[in-house]
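Data block below; observations after.
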Amino acid sequence: MITGIPWRLPVFDGNVKIMTRFNKRNRYYIFLLLSLIWMGLIFYFSHQIADESQKLSDGILYRIQNILTFIFPNADDDFLSFVVRKSAHAFEYFLLSILLFLTNREVVRSKNRDVMRSMFYIRLYILPWLYATLYAVTDEIHQYFIPGRSCELRDVCMDSGGAVIGTLLMVLCGRIAYNRILKRTTLS
Numbered sequence: 332m333i334t335g336i337p338w339r340l341p342v343f344d345g346n347v348k349i350m351t352r353f354n355k356r357n358r359y360y361i362f363l364l365l366s367l368i369w370m371g372l373i374f375y376f377s378h379q380i381a382d383e384s385q386k387l388s389d390g391i392l393y394r395i396q397n398i399l400t401f402i403f404p405n406a407d408d409d410f411l412s413f414v415v416r417k418s419a420h421a422f423e424y425f426l427l428s429i430l431l432f433l434t435n436r437e438v439v440r441s442k443n444r445d446v447m448r449s450m451f452y453i454r455l456y457i458l459p460w461l462y463a464t465l466y467a468v469t470d471e472i473h474q475y476f477i478p479g480r481s482c483e484l485r486d487v488c489m490d491s492g493g494a495v496i497g498t499l500l501m502v503l504c505g506r507i508a509y510n511r512i513l514k515r516t517t518l519s
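Each residue of the sequence shown is one higher than the one before, counting from 332 in the numbering used here.
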């Protein structure tokens, strides 16, 4: 046995790997770092002046225009640009809520042994959505001070909607994982 190391190596008991505190801590820091990087990327996109942001949206629109014209056959370019910009808002916060959920899951798991209490689920699912929505509000306030950009409630709603979809995806994934574990334990 190695002395002086505050964590144990993973222990294998049959087919189940028992996770050590070291690995859980690493997962927390990795998800936290990814969340902060993604928030920084959102800040970077929000800090672009209106012309730069429009060029980026038009570049994406040019690449996916065939798909969008198939979905919206009678739409003009302004409407398609609007769809791309608002979809980007929703996607940014969809991914942010997933990253915040993964970060939050490591904290909630380590502090709550009784996972069947309702507060566990509120902390696990509602807090990442709330954090993402609050970041959307601060992001819109930040855009108010950028030349050519505006602070719009509609954008906060799109961002929050993307975060809701990301949170619901995590609820669905958690439910599937729980059912698999339940099925595995009842068959044993």
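Quick reminder that beta carbons are idealized off the backbone N, C-alpha and C, glycines included.
- DSSP, reduced to helix, strand and coil, places C488 within a helical segment of the structure shown.
- For N354 and V438, the gap between their C-alpha atoms comes out near 13 Å.
- Between the beta-carbon of A421 and that of M489 there is about 5 Å, and that keeps the pair under the 8 Å contact cut.
- In the structure shown, the three-state DSSP call for C504 is helix.
- Straight-line measurement puts the Cα of R436 at about 16 Å from the Cα of I507.
- Secondary structure at R416: helix, using DSSP grouped into helix, strand and coil.
- Judged by beta-carbon spacing, H473 lies beyond the 8 Å limit of S388, meaning their Cβ atoms are not closer than that value.
- Shown here, E437 sits in a helix according to DSSP, grouped into three states.
- When rounded, the separation of the alpha-carbon atoms in F410 and L484 is 19 Å.
- The residues S428, L431, F432, N435 and T498, in chain order, have a CB closer than 7 Å to that of P459 in the same chain once the five nearest residues on each side in sequence are set aside.
- With respect to the C-alpha of T469, the residue from G371, Y360 and R358 having the closest C-alpha is G371.
- Under the three-state reduction of DSSP, H378 is assigned to coil, being neither helix nor strand.
- In the structure shown, A406 adopts coil according to DSSP, grouped into three states.
- With fewer than 16 other Cβ atoms from the protein chains shown falling within 10 Å of its own Cβ, I398 counts as exposed.
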